[in-house]
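>
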Amino acid sequence: MLVNDQPVTVAAVKALAPLLLEVHGQSEHVELLEPSAQMDLLDQFAESKTCWTRLPISTPPPGLQHDLEQLSENEQDRLRRVDMLSFQVKELDQPGSPG
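For the sequence shown, counting from 1, position 8 maps to -5 in the working numbering; every step adds exactly one.
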């Protein structure tokens, strides 16, 4: 491989690759698929050191767990209500039932 018309090792190319916007080769699109590279490009475009607060992907936003639990409880309540109403409809549809 050549960099500025000088032969370089694969290790040197790998070290340089993240610094380049255009990596020419079979996997040139790989760098642009990395979220950190995308954020760096956006920061550079916006002329900002950091536009976004960078949190580890494994850290959910605050309150997300509570929201998820609340939605789960609401879904369980809804399913119980559907079950009860289905039971009541069956009871009313049976011959000889009051109503």
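Here a beta-carbon is modelled for each residue, glycine too, at the ideal position from N, C-alpha and C.
Within the 8 Å Cβ cut-off, does R65 reach chain B?
Annotation note: the requested chain B is absent from the structure, which comprises a single protein chain.
> Give the DSSP-derived three-state secondary structure of Q63 in the structure shown.
Looking at Q63 - three-state DSSP - the assignment turns out to be helix.
> So what's V(-10) in DSSP terms, helix, strand or just coil?
Looking at V(-10) - three-state DSSP - the assignment turns out to be strand.
> Going by alpha carbons, who is nearest to E21 out of A4, G50, N61 and V(-10)?
The option with the nearest alpha carbon to E21 is A4.
> Helix, strand or coil, according to DSSP, for A24 in the structure here?
Reduced to three states, the DSSP call for A24 is helix.
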